[in-house]
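S.K.: Numbering (this note's numbering), first residue to last: 42 to 367. Before I ask anything, let me first share the structure, which is written out below as structure tokens.
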Ligand SMILES: Nc1ncnc2c1ncn2[C@@H]1O[C@H](COP(=O)(O)OP(=O)(O)OP(=O)(O)O)[C@@H](O)[C@H]1O
Ligand SMILES: [Mg+2]
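Here is the structure:
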């Protein structure tokens, strides 16, 4: 039996940017390793400002993007196993996505229940339409909707929040082991975000499903998470149990983030990150955060920081804890 529900090992994804001749490449995800133990079900938030590699990481877990190197295992099985055509269904049963914009998840020309039936029937969750109806009814109820409210209606007849609940119901139909939700509340009215995030907590217990919750929204991330992964320019700069990270934020960047938490709903501002700064930071030697770090010393600009483990499972990528007084 595998020890980990999700195991990400030295995962890297390189993208070419710019033209053929003067083009460069960036490591959108750079040597990321994360393990989620299997003894319980978890919600892991992936936080970090725009362009830090969160979506690239999420897309690799969903097999929508191939890694440049490194491996991902789910329940001990490498994702490459599911590349074979015969194993695809098995993958979709195990891992399901929820995307940012529920209005683009569903075609405006199809009733939303079409998607629910297609998932149930195509992935062999139900043998007949009647059996599918019963299953869909139960799952809609679990996400706070009733079958009669949903069936026969088109996406534009729902609010963003309702539609996102239907996306969640669709993802749950296969009773997956893992749901990857990339910015699932970003398009939803701020006042309703917490309801959706609370729903993740309820569903984690009810369906024994693990969540990877990718978000800009720090307040919901810190509220909902069992584990937090903080990314910065492709690097996983801090990872650990949420409680430990909150009580002892150790990377200077996490410290900075936590300072902004009391303002509920706070987000990073895309404007402050100019594209050339982003590229410069991506290609910086040494620690990618050094240029913005109040503690940075020479070593930080010259060498890549090592991974240091503080407590069980709490890892940071910083020189601060390996003998350098910074
Ligand atoms: N297909 C691609 N081709 C080239 N570069 C890409 C591609 N996809 C992402 N990138 C670059 O990789 C970096 C990480 O992007 P990614 O979308 O993973 O960040 P993110 O953390 O999800 O950002 P956001 O919070 O804005 O969604 C960025 O610099 C982005 O421009
Ligand atoms: Mg993204």
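Backbone N, C-alpha and C define an ideal beta-carbon position, used for all residues, glycine too.
Can the beta-carbon of residue 195 be found less than 9 angstroms from the beta-carbon of residue 261?
M.R.: The residue given as residue 195 occupies position 154 in the chain shown. The residue given as residue 261 occupies position 220 in the chain shown. Their beta carbons are not under 9 angstroms apart, which means residue 195 does not touch residue 261 by this criterion.
S.K.: Report buried or exposed for residue 71, applying the criterion of at least 16 other Cβ atoms within 10 angstroms of its Cβ.
M.R.: As a first step, residue 71 is located in the chain shown; it is residue number 30 there, counting from the start. Buried.
S.K.: Would you list the one or two residues that DSSP bridges to residue 269?
M.R.: Looking up residue 269 in the chain shown gives position 228. The partner list for residue 269 (beta bridge, DSSP) reads 86, 281.
S.K.: Are residue 89 and residue 69 closer than 9 angstroms when you measure CB to CB?
M.R.: Numbered from its first residue, the chain shown carries residue 89 at position 48. Numbered from its first residue, the chain shown carries residue 69 at position 28. Cβ distance not < 9 angstroms, so residue 89 and residue 69 don't count as in contact.
S.K.: Within 8 angstroms: the Cβ of residue 226 and any heavy atom of ligand 2?
M.R.: Counted from its first residue, the chain shown places residue 226 at position 185. Not so, every heavy atom of ligand 2 lies at least 8 angstroms from the Cβ.
S.K.: State the Cα-Cα distance for the pair residue 131 and residue 277, rounded to the nearest angstrom.
M.R.: Here residue 131 refers to the residue found at position 90 when the chain shown is read from its first residue. Here residue 277 refers to the residue found at position 236 when the chain shown is read from its first residue. So the alpha carbons of these two residues sit roughly 29 angstroms apart.
S.K.: Measuring only from the beta carbon, is residue 258 closer than 8 angstroms to any heavy atom that is part of ligand 2?
M.R.: For the purposes of this step, residue 258 is taken as residue 217 along the chain shown, with counting starting at 1. Incorrect: residue 258 has no Cβ contact closer than 8 angstroms to ligand 2.
S.K.: Grab the span of the alpha helix (DSSP H) containing residue 274 for me, first residue to last.
M.R.: To locate residue 274, count along the chain shown from 1; it is residue 233. Element bounds for residue 274: n/a, residue is neither H nor E.
S.K.: Quick one: which unbroken alpha helix (DSSP H) runs of 4-plus residues sit fully inside the segment 229-260? Chain order, please.
M.R.: With a minimum length of 4 residues, the continuous alpha helix (DSSP H) runs that stay inside the segment 229-260 are 231-248.
S.K.: Quick check: residue 113 and residue 324, are their CB atoms within less than 9 angstroms of each other?
M.R.: Numbered from 1 along the chain shown, position 72 holds the residue referred to as residue 113. Numbered from 1 along the chain shown, position 283 holds the residue referred to as residue 324. Taking 9 angstroms as the Cβ cut-off, residue 113 and residue 324 do not qualify as a contacting pair.
S.K.: On the three-state DSSP scale, how would you describe residue 206?
M.R.: Walking along the chain shown from the start, residue 206 turns up at place 165. Reduced to three states, the DSSP call for residue 206 is helix.
S.K.: Going along the chain, which residues put their C-beta within less than 5 angstroms of some heavy atom in ligand 1?
M.R.: Every residue passing the under-5 angstroms Cβ criterion appears here: 56, 69, 91, 92, 93, 94, 95, 96, 97.
S.K.: When the Cα atoms are used, what is the spatial distance from residue 222 to residue 341?
M.R.: As a working mapping, residue 222 is identified with position 181 in the chain shown. As a working mapping, residue 341 is identified with position 300 in the chain shown. Between residue 222 and residue 341, the C-alpha separation is close to 33 angstroms.
S.K.: Apply the 10 Å Cβ neighbour rule to residue 274 and answer buried if 16 or more other Cβ atoms are within range, or exposed otherwise.
M.R.: Taking the chain shown and counting its residues from 1, the one referred to as residue 274 is at position 233. Classification for residue 274: buried.
S.K.: Indicate whether the contact test is met: 3 or more Cβ pairs, each with one atom in the segment 99-107 and one in the segment 77-84, closer than 8 angstroms.
M.R.: No: fewer than three Cβ pairs fall under 8 angstroms.
S.K.: Taking only the alpha-carbon atoms, compute the straight-line gap between residue 358 and residue 280 and give it to the nearest angstrom.
M.R.: The residue given as residue 358 occupies position 317 in the chain shown. The residue given as residue 280 occupies position 239 in the chain shown. Each residue's alpha carbon lies about 9 angstroms from the other.
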